[in-house]
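Following: one structure in C-alpha cells, then a few remarks.
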Amino acid sequence: MKSNDYEFIMSYAERWLAVLGQVLEFGGALIGVDNKIIKRIVPPEELLKLPLGDDISKKLTIFDEYIEKKLEVPDMVANNMQAINERRVVRRLEVHNIFDVEPRVYMIFRHPIINPDTGNVVGLWVFGYPVEVSNVSSLVSDFYAHDSKYRKNMKKENIRLTKREQQVIFFFMLNFKSEQIGSLITKIEKKTVSKDAVDQLFRRQLFPSLM
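Here this note's numbering is used: position 153 in the sequence shown is 141, and no number is missing along the way.
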C-alpha cells in the first residue's frame, strides 16, 4: 500500500473509532484493502480501549472477528470484490449467527473507501442490520441452521427465482400483504394479479425451491 493510501486509511480508521466510541448505533467492521487484498487494520485491542464499557467493547470485538472469519467464504469474497472493483456500495441479504445466537437475516452493506488523492480503494466499511419481515426471516434462518451442510454442497443454479418470485418476495420484505402485492403488481403491469395468485406463488413455488 502506498504511503499516501496507508496514511489515509489509518486516519479514516482513527475517526471511525472515535465515532464508534461515542455512538452506540454506529458500528460494523472496517477492513483495509491493499492492491485489492483485504487485511485487518483495526486490531481487537483498539476496540477494547473504547469508552463504551467492557461488555459493548467485547461485543464489537466479536463482531469484528466474525467478519474476519467470513473473509474467506466464497460468497463473501465475491461480494467484497464487487464493491472494490465496481467502486460502489454493494447490498446483500445474508444469514449470520453473530454473537453465537440463532441465525438471523441481515441486510449487509459494503462501502468502498476511496482515497481522493490517489483514486485507490483502500478499505471497506461493512455493516448491517437484522431484517424482520413477516416469517420470511425465521424460515430462511431455519433452512440455514438445519440444512447448512446440504446448502454448502448445493449448486447455486438450483436456487433460481423467476422475476415474479423476486418481485413477490421484494414486496413481502416491505411488509405488504398478499392482497396489497396483487394490487401493486396489477397497477404496475396493467395485468390482474389476485391475492390467491400471490399466495400460491409464494407457498407452492418459492418455499419448495428453498426447502
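Beta carbons are placed, not taken as given, at the ideal position from N, Cα and C, and that holds for glycine.
- Rounded to whole angstroms, the Cβ separation of D105 and N(-8) is 6 Å, and the two are in contact under 8 Å.
- Its chain contains D(-7), F(-4), V110 as the residues whose beta carbon lies nearer than 6 Å to that of N103, once the 5 sequence neighbours on both sides are disregarded; these appear in chain order.
- Judged by DSSP secondary structure, V93 falls outside any alpha helix (DSSP H) and instead within the beta strand (DSSP E) spanning 92 to 102.
- Contact between L189 and E153 holds, since their C-beta atoms are separated by about 7 Å, short of 8 Å.
- If you look at F115, you'll find it in the beta strand (DSSP E) that goes 109 to 118.
- Counting the other Cβ atoms within 10 Å of the Cβ of A66 gives fewer than 16, which makes it exposed.
- When DSSP states are grouped into helix, strand and coil, D105 belongs to the coil group.
- Looking at the backbone, the Cα of I96 and that of V114 are separated by about 7 Å.
- Sequence-distant partners of T180 (beyond 5 residues in either direction) whose C-beta falls short of 7 Å from its own C-beta, in its chain, are T174.
- If you look at V21, you'll find it in the beta strand (DSSP E) that goes 17 to 22.
- DSSP places V181 in the coil class of the three-state scheme, outside both helix and strand.
- Membership of V65 in the alpha helix (DSSP H) is indicated by the continuous run 62 to 74.
- Counting every other CB atom within 10 Å of its CB across the protein chains shown gives P118 a total below 16, marking it as exposed.
- The continuous stretches of alpha helix (DSSP H) do not include F164, and DSSP gives it neither H nor E.
- Beta-bridge pairing by DSSP links L81 to M95.
- CA-to-CA, the gap between R75 and G107 works out to about 10 Å.
- Counting every other CB atom within 10 Å of its CB across the protein chains shown gives V93 a total of 16 or more, marking it as buried.
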